[in-house]
Amino acid sequence: MECCSLVRTLVHRYCAGEEDWVDSRTVYVGHREPPPGAEAYIPQRYPDNRIVSSKYTFWNFVPKNLFEQFRRVANFYFLIIFLVQLIIDTPTSPVTSGLPLFFVITVTAIKQGYEDWLRHKADNAMNQCPVHFVQHGRLVRKQSRKLRVGDIVLVKEDETFPCDLIFLSSSRADGTCHVTTASLDGESSHKTHYAVQDTKGFHSEEDIDSLHATIECEQPQPDLYKFVGRINVYNDQNDPVVRPLGSENLLLRGATLKNTEKIFGVAIYTGMETKMALNYQSKSQKRSAVEKSMNTFLIVYLCILISKALVNTVLKYVWQSTPFQDEPWYSRKTEAERQRSLFLRAFTDFLAFMVLFNYIIPVSMYVTVEMQKFLGSYFITWDNEMFDEELGEGPLVNTSDLNEELGQVEYVFTDKTGTLTENNMEFRECCVEGRVCAPHAVCNGQALPDASATDMIDASPGTSGREREELFFRALCLCHTIQVKDDEEVDGPQKSPDSGKRSAYISSSPDEVALVEGIQRFGFTYLRLKGNYMELLNRDNDVERFELLEILSFDSVRRRMSVIVKSAAGEIYLFCKGADSSIFPRVIEGKVDQIRSRVERNAVEGLRTLCVAYKRLVPEEYEGICKLLQAAKVALQDRDKKLAEVYEQIETDLVLLGATAVEDRLQEKAADTIEALQKAGIKVWVLTGDKMETAAATCYACKLFRRNTQLLEVTTKRLEEHSLHDVLFELSKTVLRCSASLTRDNFSGLSADMQDYGLIIDGAALSLIMKPREDGSSSNYRELFLDICRNCSAVLCCRMAPLQKAQIVKLIKFSKEHPITLAIGDGANDVSMILEAHVGIGVIGKEGRQAARNSDYAIPKFKHLKKMLLVHGHFYYIRISELVQYFFYKNVCFIFPQFLYQFFCGFSQQTLYDTAYLTLYNISFTSLPILLYSLMEQHVAMDTLKRDPALYRDIAKNALLRWRAFIYWTLLGLFDALVFFFGAYFMFENTTVTSNGQVFGNWTFGTLVFTVMVFTVTLKLALDTHYWTWINHFVIWGSLLFYVVFSLLWGGVVWPFLSYQRMYYVFIQLLSSGPAWLAIVLLVTVSLLPDVLKKVLCRQLWPSAIERVQTRNQCLSVEQPTVFMLSQTSSSLTF
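In the numbering used here, the protein residues as written are 58 to 1192.
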């Protein structure tokens, strides 16, 4: 019997129309087997409820961490160099490469190990939390990690759900519970979830333990807002009762139970299969333009390194080809050495030269850059000017890898609602049957005293008109998903005249709250949802009850929502509310022209409009609708698609009732911010789901479009009259003709003496542009569209779906110029474009925190973007570009004398510097000054950068890390190295420099070169520093002092752990020589002179905008003390 049942189950699953059942799972509630004959009991194995967010264990930390670190090319390169030093006879000690590498690896491992230890600690605290679950009719307590799929769990008020649960029953009579998901998506509003209809009456442990049910649902997936499943409840009947399960029945791990005493739920996903755990996955790694330039420069220097090694290897064997040069009398070879292969000897020498010159690749640069980014990111979070008192929050930095990218932004893509606007809705008016009704003083539902109820613009309605008007207000009272929270202390409208309690409306959509609060001024108040009945208070203070039969939820594709309700008189209504573009095509009756005219007028004024329609349903029609909805709801595969198709069938043949208008005010200083960004040469695009007229009005208000801006449209309305090809070519001719006749600043798109263009495109037109053509190509339309956009100062994209926002960003991001893009938004629908852009910024707004959680940076208000880009971004880029160029410069200064020295030592791979100097040059002697510079330098005052946004253009397009700047720094390093080496060489050639006639040796010569080099590269940084603080002084002069003290100790003591004492007394002897002091001062001066001359000449002849500002500020700083002194003198002479 069991065998036949198993076969039947398998045949049903794989052959009965559900082809992809392998993608589903079956959960047995309470681990109870289904009744005999129902279906085969197939035990399944699922992971336990242990959460693991850590990367390492005690046993695999060392090998796994080392493997990850040596995947970096630079670390692997230095490992190879270190191994070569160990294997073959090289001129330098393995310590010189091994110690810096060990330092870098150790510091990184400690940092990552500490972070992982914190993750282990958090995991243990979570996994050991006590949880109550039902076993054999009684409550049992155990640790969270021991929960299994199928366990029935009890959760009490204010407790967090330990895993993903299907909601079975609650202490509330209506089978609902309230949940907050702040730890998941940042939304603090209470969300209502619903228990399964057939289990909501089980309130005790004994009742719930008697439940016989199985749940079939999809396999785990990370979407927090999507769930598809069904529950089979076995009663006394043979056939089980099948109920659909959706996201409203799913309680997610990490969410918190509120305003509900307790609930029972069955574990459906546990451990690392919960939706919260699946969302732990990190976002794709973004790399900044500076990092890409740095890697390119590293490749160039690696090629230089290989070239040096090849040249020296070849010249060595050319030099040794002369008789007796290969084997001098004081260094005879053994027979084995003479027999070695020439190729093997040459290869060994090549590796030795690679080791000798490998310091040209700065391993410590990676550590310094990481420290600079990490520490520098705190300057954003510490910025008090970006702290919002209303929210009580400041900016957040989710990644420090992109700090300098904030100074390179060329395109800003911004959402409108909640980003440019406040997302603080104010009900303005409604148009019912052609009559406009406007409350005098309704602001977020708060009625001002002494305000009359309404301002009726048109004549009073007739009897039928009054019925339609009341039906309109009832529709607004019923067509929503608002929750009502009762609280004595909540400020809000009275629920009823005889009630002392107040009610607060809670909804995920501010529009819904504004509408329901606004229509209270017209005499209709929504009271509550009690059981399946919605209650409202009408104009006569009578409570009306409507049975809520179905909710057709809102989605961004349909852009509307509907409810089906049944009145006390038994009449069944479908009320539908949505965007005008989604309502008007489905209307067959009503004053469409008058209402459309009012909607368009309100949209031009920047108001958000919604249309309301209805239709009556006869019982037979409703029964057919129920069957269609039930069939779509219980489908496990393509449920959303099937529901959308059913909604399309239901929401037809509507009667138009009216429209509403809600105002979303512009955010503080949004217009000033956009104006500043445009002056900085940044193009601003607005991407919104609103209709064109509303969005265009907002764009005018925030100065994205100006009065002289000529608007170009690529919209559905225009494409109905002309083909896409004709429209694009006509616009292309218009903008290109103007750009050909006038000089245009392509980067900014702004010019005072030319026509300013603005482009408006909607989602449907964009789909046609992105859609592949019949010949299989889409590039022609895309390129034409991009050419038009490049010549427009601003672009507005309206009626955009979330995916289309990302497509727009991607289109610009991968255009031939490869500009740096930034996307900013505040809602979940903005996450896709935030992740797609080079830099993603989330606004901590009222639409939840999905955007802030998925962004690289988060700010409280749009106005803070101005300082983040124009000040912080500017400073970050200036600092890190100097850091990168300076590191390469000082390493050229360091290693090129070593290359020159080989020409004077017979290419014997003799080192010019002592091992200690080789090791500590980048770690100690020259590391702190550049790190402090890269954290604190301010070449221009903050106020100046905010006051003059055009300074941002001076650093645009990676200006300070272009090939021209890179070559200048490299040539400067070569020049300084030539001065160090040949200056010391010619000054002391055949010269006695000590009082006793002793001549300097090679270690003294190398120490002299090294001393001049350390002082030169440090003073070069001092010359580049504009913003001096006591910390800069301490670090720069302290580093030089440390070098002198270290050299005195290193050469002044016989160190017992060294096998050689070649540096003993060398530095002291050097400083005892007067000519050596003269050489140090003279060579340092000559080395710095070209850079000083270049700066002076460039400032005088070809000053940049930043240099002009610096000169002006210096003049002002000199004039102010002079004026003060003159005023003091004149006052002293006054009698």
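Ideal Cβ placement from N, Cα and C applies to all residues, glycine included.
Own chain residues within Cβ distance below 6 Å of L1017, not counting five before or after: Numbered from 1 along the sequence shown, position 960 holds the residue referred to as residue 1017. Only residues of its own chain outside the window of five on either side were considered, and among them S938 have a CB closer than 6 Å to the CB of L1017, listed in chain order.
Beta-carbon gap between L605 and V622 smaller than 8 Å: In the sequence shown, counting from the first residue as 1, residue 605 sits at position 548. In the sequence shown, counting from the first residue as 1, residue 622 sits at position 565. Yes, Cβ-Cβ distance for L605 and V622 is below 8 Å.
Environment of Q767 [buried if 16+ CB atoms lie within 10 Å]: For the purposes of this step, residue 767 is taken as the residue at position 710 of the sequence shown. Q767 is classed as exposed because its beta carbon has fewer than 16 other beta carbons within 10 Å across all chains shown.
When A131, G303 and A166 are compared against R696, the one with the closest alpha-carbon: Working through the sequence shown from its first residue, we reach residue 696 at position 639. Nearest C-alpha to R696: G303.
Neighbourhood of L1029 by C-beta distance below 8 Å, restricted to the same chain and skipping five residues each side: Numbered from its first residue, the sequence shown carries residue 1029 at position 972. Within the same chain, Y946, P1147 and D1148 come within 8 Å of L1029 by CB-CB distance, once the 5 residues on both sides are set aside.
The segment 259-276 touching the segment 176-184, judged by at least three CB pairs closer than 8 Å: Contact fails: fewer than three Cβ-Cβ distances are below 8 Å.
Run of the alpha helix (DSSP H) containing Q651, from where it starts to where it stops: Within the sequence shown, numbered from 1, the residue matching residue 651 stands at position 594. From DSSP, the alpha helix (DSSP H) with Q651 extends over V649 to V661.
Given 8 Å, three or more beta-carbon pairs between the segment 940-958 and the segment 128-136: Cβ pair count under 8 Å is below three, so no.
T438 to L432 span [Cα, whole Å]: Taking the sequence shown and counting its residues from 1, one reaches residue 438 at position 381. Taking the sequence shown and counting its residues from 1, one reaches residue 432 at position 375. So the two alpha carbons sit approximately 11 Å from each other.
Identity of the residues DSSP links to M591 by a beta bridge: Here residue 591 refers to the residue found at position 534 when the sequence shown is read from its first residue. Partner(s): L586 and F603.
Span separating the alpha-carbon of N979 from that of S421: The residue you call residue 979 lines up with position 922 of the sequence shown. The residue you call residue 421 lines up with position 364 of the sequence shown. N979 and S421: Cα-Cα distance of roughly 6 Å.
Beta-carbon contacts of Q1193 that lie in its chain and below 6 Å, excluding the five residues immediately before and after: Outside the shown range of the chain (58 to 1192) lies residue 1193, about which nothing can therefore be said.
Straight-line gap, S835 to N352 (C-alpha atoms, nearest Å): Here residue 835 corresponds to residue number 778 of the sequence shown, with the count starting at 1. Here residue 352 corresponds to residue number 295 of the sequence shown, with the count starting at 1. Bear in mind that a pLDDT of 49 at S835, under 50, signals an unreliable position, so the number given afterwards is only what the model happens to contain. When rounded, the distance between both Cα atoms is 34 Å.
Beta-carbon proximity of S227 to I162, cut-off 8 Å: Position 170 of the sequence shown, counted from the first residue, corresponds to residue 227. Position 105 of the sequence shown, counted from the first residue, corresponds to residue 162. For the pair S227 and I162, the CB atoms are not nearer than the 8 Å cut-off.
Residues of its chain near S1144, where Cβ-Cβ distance is below 6 Å and the 5 sequence neighbours each way are ignored: Start at 1 with the first residue of the sequence shown, and residue 1144 comes out as number 1087. Within the same chain, and ignoring the five residues on either side of S1144 in sequence, the residues whose Cβ sits closer than 6 Å to its Cβ are D1033, V1036 and T1073.
C-alpha gap between W78 and G286, whole angstroms: The residue labelled residue 78 in the question sits at position 21 within the sequence shown. The residue labelled residue 286 in the question sits at position 229 within the sequence shown. Bear in mind that a pLDDT of 39 at W78, under 50, signals an unreliable position, so the model cannot answer this.
Distance, Q724 Cα to E479 Cα: Along the sequence shown, one-based indexing puts residue 479 at 422. Along the sequence shown, one-based indexing puts residue 724 at 667. The straight-line gap from Cα to Cα measures roughly 5 Å.
CA-to-CA distance, T878 to V896, given in whole angstroms: If you number the sequence shown from 1, residue 896 lands on position 839. If you number the sequence shown from 1, residue 878 lands on position 821. Each residue's alpha carbon lies about 6 Å from the other.
Chain C contact for L992 (CB, 8 Å cutoff): Among the protein chains of the structure shown there is no chain C, as only one such chain exists.
DSSP-derived helix/strand/coil call for K623: Counting from one through the sequence shown, the residue named residue 623 turns up at place 566. Residue state, collapsed to three classes: strand.
Backbone secondary structure at S304 - three-state DSSP: By one-based count along the sequence shown, residue 304 stands at place 247. In the structure shown, S304 adopts helical secondary structure according to DSSP, grouped into three states.
Cβ-based burial, R485 [other Cβ within 10 Å; buried from 16]: Along the sequence shown, read from residue 1 onward, the residue named residue 485 stands at position 428. Counting the other Cβ atoms within 10 Å of the Cβ of R485 gives 16 or more, which makes it buried.
Residue nearest to S111 in terms of C-alpha spacing, selected from F1043, M329 and A851: Taking the first residue of the sequence shown as 1, we reach residue 111 at position 54. A check of alpha carbon separations from S111 across F1043, M329 and A851 identifies M329 as the nearest.
Bridge partners - C488, DSSP secondary structure assignment: Within the sequence shown, the letter at position 431 stands for residue 488. Answer is V493 and A716.
Option in A1041, S1104 and L1150 with minimal Cα separation from K1077: For the purposes of this step, residue 1077 is identified with residue 1020 of the sequence shown, where counting begins at 1. Out of A1041, S1104 and L1150, L1150 has the C-alpha closest to the C-alpha of K1077.
Secondary structure of S116, DSSP reduced to three states: Counted from its first residue, the sequence shown places residue 116 at position 59. Looking at the sequence itself, residue 116 is Trp, so the reference to Ser does not match. In the structure shown, W116 falls within a coil segment according to DSSP collapsed to helix, strand and coil.
Reference R523, options P496, I539 and R492, closest by Cα: Here residue 523 is taken as the residue at index 466 of the sequence shown, counted from 1. Residue nearest to R523 within the set P496, I539 and R492 is R492 (criterion: CA-CA distance).
Sub-8 Å separation of P578 and E592 beta-carbons: As a position in the sequence shown, residue 578 is number 521, starting the count at 1. As a position in the sequence shown, residue 592 is number 535, starting the count at 1. Here residue 578 is Arg; the residue named in the question, Pro, does not match the sequence. For R578 and E592, no; Cβs fall outside 8 Å.
Pick from K923, V84 and L136 that is closest to G207, judged by C-alpha positions: Residue 207 sits at position 150 when you count from the first residue of the sequence shown. For G207, the closest alpha carbon among the candidates K923, V84 and L136 is that of V84.
Start-to-end residues for the beta strand (DSSP E) that takes in N289: In the sequence shown, counting from the first residue as 1, residue 289 sits at position 232. Element bounds for N289: G286 to V290.
According to DSSP, residues forming a beta bridge with V323: As a working note, residue 323 is residue 266 in the sequence shown. Answer is I209 and I223, bridged to V323.
Exposure label - I145; buried when at least 16 CB within 10 Å: The sequence position of residue 145 within the sequence shown is 88, counting from 1. Counting other Cβ atoms within 10 Å of its Cβ, I145 stays below 16 and is therefore classed as exposed.
Pairwise C-alpha distance: L926 and S805: Here residue 805 refers to the residue found at position 748 when the sequence shown is read from its first residue. Here residue 926 refers to the residue found at position 869 when the sequence shown is read from its first residue. Its pLDDT being 42, under 50, S805 is placed unreliably in this model, and the coordinates cannot settle the point.
M827 versus K698, I817 and L781, residue with shortest Cα-Cα distance: By 1-based counting over the sequence shown, the position of residue 827 is 770. Looking at the Cα atoms, L781 is the closest of the given residues.
Contact set for G963: own chain, Cβ-Cβ below 7 Å, skip 5 residues either direction: For this step, residue 963 is matched to residue 906 along the sequence shown. Hits under 7 Å: W376.
Outcome for A626 when other beta-carbon atoms lying within 10 angstroms are tallied against a minimum of 16: Along the sequence shown, one-based indexing puts residue 626 at 569. With fewer than 16 other Cβ atoms within 10 Å, it is exposed.
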